[in-house]
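Have a look at the structure below before the remarks.
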Amino acid sequence: MGEVVALPLPEPAPEARPVLVLDFGGQYSQLIARRVREARVFSELVSHRITADEVRRRNPLAVILSGGPASVYALGAPQMDPAIFELGIPTLGICYGMQLMARDLGGSVESTGSSEYGKAELAAFESELFRDLPSEQTVWMSHGDSVTAAPAGAQVVACSTSTPIAAFEDPERKLYGVQFHPEVVHTPHGQELLKNFLYNVAGAPSSWTPAAVIEEQVELIRAQVGKEQVICGLSGGVDSAVAALLVHKAVCDQLTCVFVDHGLLRANEAEQVVETFGGHFHVPLVHVDARERFLTRLIGVTDPEEKRKIIGEEFIRVFEEEARKLGDVRFLVQGTLYSDVIESGGAGDSTGAGVAATIKSHHNVGGLPADMQMELVEPLRMLFKDEVRRVGAELGLPERMVWRQPFPGPGLAIRIIGDVTVERLAILRAADAILQEEIRRADLYRDLWQSFAVLPAIKSVGVQGDERTYAYPIVIRAVTSEDAMTADWARLPYDVLETISNRIINEVPGVNRVALDLSSKPPATIEWE
Ligand code: XMP
14 MGEVVALPLP EPAPEARPVL VLDFGGQYSQ LIARRVREAR VFSELVSHRI TADEVRRRNP
74 LAVILSGGPA SVYALGAPQM DPAIFELGIP TLGICYGMQL MARDLGGSVE STGSSEYGKA
134 ELAAFESELF RDLPSEQTVW MSHGDSVTAA PAGAQVVACS TSTPIAAFED PERKLYGVQF
194 HPEVVHTPHG QELLKNFLYN VAGAPSSWTP AAVIEEQVEL IRAQVGKEQV ICGLSGGVDS
254 AVAALLVHKA VCDQLTCVFV DHGLLRANEA EQVVETFGGH FHVPLVHVDA RERFLTRLIG
314 VTDPEEKRKI IGEEFIRVFE EEARKLGDVR FLVQGTLYSD VIESGGAGDS TGAGVAATIK
374 SHHNVGGLPA DMQMELVEPL RMLFKDEVRR VGAELGLPER MVWRQPFPGP GLAIRIIGDV
434 TVERLAILRA ADAILQEEIR RADLYRDLWQ SFAVLPAIKS VGVQGDERTY AYPIVIRAVT
494 SEDAMTADWA RLPYDVLETI SNRIINEVPG VNRVALDLSS KPPATIEWE
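The C-terminal position of the sequence shown is numbered 542 in our numbering, with every residue numbered one higher than the one before it.
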């Protein structure tokens with residue numbers, strides 16, 4: 014049995030030259046990369062340890078140094094290769110990055126006792142960074158040390174009450190520094206300042222659009238897979254859908270998608286996938302109806318971890334069987350995102366190779382076989398989730414799929430507490446469909462990270478008509494979140510809750526009560542199992 018391996022990707026086309034964001038461990042490093050991309054300039058987050066040679070090899074349009082820990086003089090404070098400043102590449106230092114520039118380029122940094130945290134009023138002078146921006150503006154500061162002398166040859170171009178050197182620039186050497194954080198929303202003109210740097214200083218074209226991403230990825234996929242066969246597991250989620258469409262656009266009939274219906278999907282989900290891919294996009298699609306198989310294995314299983322394990326294992330088995338039927342398939346498509354690459358520490362790696370070999374254990378389709386002898390195709394590995402959605406929309410993926418809330422691989426099985434049976438699945442599916450419908454009707458769907466119904470393993474007494482009932486409750490779970498690491502319970506309007514509750518109790522046989530989950534994560538999790 015071989016390993017899943019990742020090949021180094023071909024060199025990017027010259028027009029795809031990146032802006033490199035050197036990460037010094039600041040809390041906003043990723044945000045800087047995103048802001049650059051929002052200006053339609055491709056950016057990559059790389060380790061601060063990157064060498065000048067490597068930077069030269071990557072041929073970036075510009076370099077941005079992120080914020081970081083409190084003092085450039087602290088023991089163990091992250092450093093950088095000062096030769097990068099000599100490359101003639103436009104460089105912008107932000108906060109810690111600015112202080113490093115000052116220290117390494119003949120200026121000075123001191124702990125002046127005038128630390129600034131929060132909003133500050135800035136006075137800006139005529140300069141390249143502040144071109145067409147107000148001379149007085151609010152900015153977001155977060156620093157203990159301050160630059161007390163700008164680098165030799167640089168002009169001071171902004172100050173605040175507590176920070177006399179709040180920005181400097183040396184247009185000749187293309188070196189720029191700002192003490193505040195232009196990337197956060199609390200600096201209202203921050204994005205304009207970044208655009209001044211990107212467009213006017215670095216001459217970056219505003220051309221990194223979803224269409225350009227598609228064009229570039231199609232080229233890369235063609236170069237990688239040649240004439241070989243490719244397989245992709247579809248989960249119904251946006252990542253695997255967009256990855257599949259990109260590969261389909263690149264190599265058409267060489268791609269076969271496998272959609273395993275494990276019987277734990279929500280109402281109409283399987284039909285939607287089959288209709289969208291097979292019907293609309295004409296992607297060769299193997300639809301495996303494995304409902305019975307999964308449900309049989311789940312009989313009598315009530316432990317959450319065991320449910321997950323069984324579903325994951327069974328999924329791999331079914332997928333492998335289908336792959337084998339297809340014959341000689343050399344490539345496996347994975348919907349790995351840039352956030353996964355960054356999290357696994359791969360962003361600083363010069364080729365990206367190595368990190369790609371880690372298959373997500375929390376993957377949407379339940380984890381794909383780790384011992385399949387296939388190479389990975391990962392067309393989304395440079396994209397953030399919102400960028401994947403924009404690419405999906407550009408490729409014509411229906412809006413319903415583009416904006417689909419995350420759905421766990423083990424599906425409804427981990428939202429049914431206790432036994433997973435056909436009857437209990439039907440109850441949950443019907444209740445969940447009503448909840449989804451009303452959330453969409455109230456125009457709340459996109460504001461929520463997730464909204465769904467849960468079926469507990471208890472019954473309670475009710476009265477319907479003149480009849481006593483003894484039936485299940487349904488729990489409404491709706492959360493807001495940035496990344497699912499933490500989440501807050503959503504304050505749904507009472508009238509929406511009332512409609513959901515009335516409809517579920519009246520329309521779903523077997524339910525006589527609706528409750529609302531008021532727990533945040535932590536200490537609760539988003540899912541119930
Ligand atoms: P929890 O319940 O841990 O969930 O707060 C965090 C996020 O992960 C999703 N989730 C999963 N996704 N396979 C997945 O693809 C899984 O096994 C799985 N378990 C939880 C969950 O829906 C939420 O968005």
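Using N, Cα and C, we set each Cβ at its ideal position, and we do this for glycine too.
Spatial neighbours of G190 in its chain, beta-carbon cut-off 6 angstroms, leaving aside the 5 residues before and after | Here the set comprises G106, M111, M114 and F181.
Endpoints, the alpha helix (DSSP H) within which F328 is located | That run of the alpha helix (DSSP H) goes P317 to L339.
Is any heavy atom of the ligand XMP found at a distance shorter than 7 angstroms from the C-beta of I539?
-> Flag set: Cβ of I539 near the ligand XMP.
So, helix, strand or coil for R453, using DSSP?
-> Assigned with DSSP and collapsed to three states, R453 falls in helix.
Which runs of the beta strand (DSSP E), 3 residues or longer, sit entirely within the region 131-156?
-> The region 131-156 contains these whole beta strand (DSSP E) runs: 149-156.
C-beta atoms of A75 and L207 nearer than 8 angstroms | No, they are not a contact pair.
Would you mind reading off the limits of the alpha helix (DSSP H) that contains H261?
-> Here the alpha helix (DSSP H) through H261 covers V251 to V264.
Alpha-carbon to alpha-carbon, C245 and A254 = Rounded to the nearest whole angstrom, the CA to CA distance from A254 to C245 is 9 angstroms.
When we look at the beta-carbon of G89 and count the other beta-carbons within 10 Å, is it buried (16 or more) or exposed?
-> Result: exposed.
Proximity test, K322 beta-carbon vs the ligand XMP heavy atom, cut-off 7 angstroms | Flag unset: Cβ of K322 not near the ligand XMP.
Other residues of its chain near M387: CB distance less than 7 angstroms, five sequence neighbours each side excluded = Setting aside the 5 residues that flank it on each side, M387 is surrounded in the same chain by V17, V342, R343, F344 and L345, each with a C-beta closer than 7 angstroms to its C-beta; the list follows chain order.
If we count the other Cβ atoms within 10 Å of its Cβ and call it buried at 16 or more, is Y130 buried or exposed?
-> Residue environment for Y130: exposed (fewer than 16 other C-beta atoms within 10 angstroms of its C-beta).
Take E495 as the anchor and find which of S514, S532, Y507 and Q418 has the nearest alpha-carbon.
-> The shortest C-alpha to C-alpha distance from E495 to any of S514, S532, Y507 and Q418 is the one to Q418.
Distance, E288 Cα to K338 Cα | In a straight line, the C-alpha of K338 is about 23 angstroms away from that of E288.
Would you list the one or two residues that DSSP bridges to C245?
-> Listed as beta-bridge partners of C245 by DSSP are C270 and V346.
Cβ contact check for the region 119-129 and the region 162-179: 3 or more pairs under 8 angstroms = At 8 angstroms Cβ cutoff, the stretches touch.
DSSP state of F181, grouped into three classes?
-> In the three-state reduction of the DSSP assignment, F181 falls in the strand class, which pools E and B.
Which of helix, strand or coil DSSP assigns to K6 | Because the chain spans 14 through 542 in this model, residue 6 falls outside it and cannot be assessed.
Cβ of D183 within 8 angstroms of Cβ of A162?
-> Result no, Cβ atoms of D183 and A162 do not sit closer than 8 angstroms.
For S532, which residues from the same chain have a beta carbon less than 7 angstroms from its beta carbon, with the 5 sequence-adjacent residues on both sides left out?
-> Counting only Cβ-Cβ distances below 7 angstroms, and skipping sequence neighbours, we find W502.
Secondary structure of T289, DSSP reduced to three states | Helix.
Assign F465 to one of three DSSP states: helix, strand, or coil.
-> DSSP places F465 in the strand class (E or B) of the three-state scheme.
Output the distance between the C-alpha atoms of E480 and I518, rounded to the nearest integer angstrom.
-> One C-alpha to the other measures close to 14 angstroms.
DSSP-derived helix/strand/coil call for E480 = In this structure, E480 counts as strand in the three-state DSSP scheme.
Does the ligand XMP have a heavy atom nearer than 7 angstroms to the CB of K208?
-> Taking non-hydrogen atoms of the ligand XMP into account, the C-beta of K208 is found less than 7 angstroms away from none of them.
If we count the other Cβ atoms within 10 Å of its Cβ and call it buried at 16 or more, is S155 buried or exposed?
-> Classification of S155: buried, given that the 10 Å Cβ count is 16 or more.
Say yes only if the C-beta of A497 is nearer than 7 angstroms to one or more non-hydrogen atoms of the ligand XMP, and no if none qualify.
-> A497 Cβ: within cutoff of the ligand XMP.
Assigned exposure category for S363 - 16 Cβ within 10 Å defines buried | Caution is warranted here: a pLDDT of 38 is assigned to S363, below 50, making its placement in the model unreliable, and the coordinate value is therefore given only provisionally. Looking at its Cβ environment, which holds fewer than 16 other Cβ atoms inside 10 Å, S363 is exposed.
Let me know the secondary structure DSSP gives N209 once reduced to three states.
-> Helix, per DSSP.
Expressed to the nearest angstrom, what Euclidean distance is found between the alpha-carbon atoms of P23 and E229?
-> Note on P23: pLDDT 49, under 50, position unreliable in the model; the coordinate value appears next. Answer to the nearest angstrom: the Cα atoms are 11 angstroms apart.
Check whether the Cβ atoms of D268 and A426 sit closer than 8 angstroms, and answer yes or no.
-> Sequence check: residue 268 is Leu here, not Asp. The criterion of a C-beta distance shorter than 8 angstroms is not satisfied by L268 and A426.
For the ligand XMP, any of its heavy atoms closer than 7 angstroms to the Cβ of Q463?
-> Answer for Q463: yes, Cβ within range of the ligand XMP.
Give the straight-line distance between the Cα atoms of R71 and Y109, rounded to the nearest whole angstrom.
-> Taking the Cα positions, R71 is about 23 angstroms away from Y109.
Just mark E451 as buried or exposed, buried being the case when its beta carbon has 16 or more other beta carbons within 10 Å.
-> It is buried - the Cβ of E451 has at least 16 other Cβ atoms within 10 Å.
From E326 to L311, what does the alpha carbon distance come to, in whole angstroms?
-> Between E326 and L311, the C-alpha separation is close to 12 angstroms.
Sorry if obvious, but does the Cβ on K534 come closer than 7 angstroms to a heavy atom of the ligand XMP?
-> Yes, Cβ of K534 sits closer than 7 angstroms to a heavy atom of the ligand XMP.
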